[in-house]
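Novice: Residue numbers for the sequence shown follow the numbering used here, beginning at 18 and rising by one. Cβ coordinates follow ideal geometry from the N, Cα and C atoms, glycine included. Note that the structure is predicted; figures quoted are calculated from it, not measured.
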Amino acid sequence: MPAASDHLSHTIQALSALGFRKASACDIVSARNAAAALVGDDIATSETLCEVHAITGGCAFVARLGGELIAMISVIPLRRAAIPVLEAGAFDGVAPPRRLIARPGEPPAAFYVWGAAGLSWRGRRLALAASVAVRDEVYPDLPLYARAATADGERVLQRRMGAIPIAGGLVRAAPRPWRAAA
Numbered sequence: 018m019p020a021a022s023d024h025l026s027h028t029i030q031a032l033s034a035l036g037f038r039k040a041s042a043c044d045i046v047s048a049r050n051a052a053a054a055l056v057g058d059d060i061a062t063s064e065t066l067c068e069v070h071a072i073t074g075g076c077a078f079v080a081r082l083g084g085e086l087i088a089m090i091s092v093i094p095l096r097r098a099a100i101p102v103l104e105a106g107a108f109d110g111v112a113p114p115r116r117l118i119a120r121p122g123e124p125p126a127a128f129y130v131w132g133a134a135g136l137s138w139r140g141r142r143l144a145l146a147a148s149v150a151v152r153d154e155v156y157p158d159l160p161l162y163a164r165a166a167t168a169d170g171e172r173v174l175q176r177r178m179g180a181i182p183i184a185g186g187l188v189r190a191a192p193r194p195w196r197a198a199a
C-alpha cells in the first residue's frame, strides 16, 4: 500500500480497476441530481460537491455504461481535527467544514463516505464494490465514518463495513489494517 499521503492516486487506481473514473463538474451535477432523486434534496449541493472535489484533488467518482451514469461514490479524506467532531455527531455532511478536509499530499486521519449509489442492479453492485475497495484497499488503517441516507445504506455500512452507530446519526467502523495485506 502506498504512503497515506498518496491516498488520492491510490483511490483513483482502486476505483479505476472497478470501472470508475474521477468525476468532472458535469458528472458531479448529474450524479448529485440522480442521488437527490433517490434520497431527496437534503444532500450537498452541486456547488459544495465541486468545491470539496477541488479541495481534495478528487473525491467524487462515477461509473458509466454505454455513456449512461450507473454508479457514483464520493469519499472525503479528513484531518485529525475532524475525529472529535465526528464522534460528537456534529459533522455536517451537507456542508462539510472545509478546515477538516485533508488536502492532497496530507495524510488523512479518517475518511467519510459522503455518498455511494447505484442507479441499476449493476450500478448498486459497483457502488458496493467501490465502497469496499475504498475501505479495504485505500484506507484500511483509518476509521470510516458515514451517515446512511437509506435503510439499504445503513445495512451495508453495518453488516458489510462493520460500522456501529455513534452520535448524531453517524456510524463508525474501526480500522481494518489486516485487509490491506490480504
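If L161 sits next to R152, beta carbons under 8 angstroms apart, how far is it from one beta carbon to the other, in whole angstroms?
Specialist: Mapped onto the sequence shown, residue 161 falls at position 144. Mapped onto the sequence shown, residue 152 falls at position 135. About 6 angstroms; that satisfies the 8 angstroms criterion.
Novice: Is L95 helix, strand or coil when you go by DSSP?
Specialist: Position 78 of the sequence shown, counting from 1, holds the residue named residue 95. Strand.
Novice: In chain order, which beta strand (DSSP E) runs of at least 3 residues are fully inside the region 24-104?
Specialist: Listed in chain order, they are 37-39, 77-82, 85-95.
Novice: Count the other CB atoms, across all protein chains shown, that sit within 10 Å of the CB of S148; report buried if there are 16 or more and exposed otherwise.
Specialist: Along the sequence shown, read from residue 1 onward, the residue named residue 148 stands at position 131. It counts as buried.
Novice: For the putative contact between H24 and P125, defined by C-beta atoms under 8 angstroms, what is the C-beta separation to the nearest angstrom?
Specialist: Here residue 24 corresponds to residue number 7 of the sequence shown, with the count starting at 1. Here residue 125 corresponds to residue number 108 of the sequence shown, with the count starting at 1. Yes, they are in contact, since the Cβ atoms of H24 and P125 sit about 6 angstroms apart, within 8 angstroms.
Novice: Would you tell me roughly how many angstroms separate the C-alpha atoms of E104 and G57, rounded to the nearest one?
Specialist: For this step, residue 104 is matched to residue 87 along the sequence shown. For this step, residue 57 is matched to residue 40 along the sequence shown. Cα to Cα, E104 sits roughly 25 angstroms from G57.
Novice: On the CB-based measure, 16 or more other CB atoms within 10 Å of its CB, does S137 come out buried or exposed?
Specialist: Taking the first residue of the sequence shown as position 1, residue 137 is located at position 120. Its Cβ having fewer than 16 others within 10 Å, S137 is exposed.
Novice: Report yes if the CB atom of Q175 is closer than 8 angstroms to the CB atom of V155, and no otherwise.
Specialist: Residue mapping note: residue 175 aligns to position 158 of the sequence shown, counting from 1. Residue mapping note: residue 155 aligns to position 138 of the sequence shown, counting from 1. In this structure, V155 does not lie closer than 8 angstroms to Q175 by Cβ.
Novice: When you compare the CB positions of L32 and A165, do they come within less than 8 angstroms of one another, or not?
Specialist: For the purposes of this step, residue 32 is taken as the residue at position 15 of the sequence shown. For the purposes of this step, residue 165 is taken as the residue at position 148 of the sequence shown. No. Outside cutoff.
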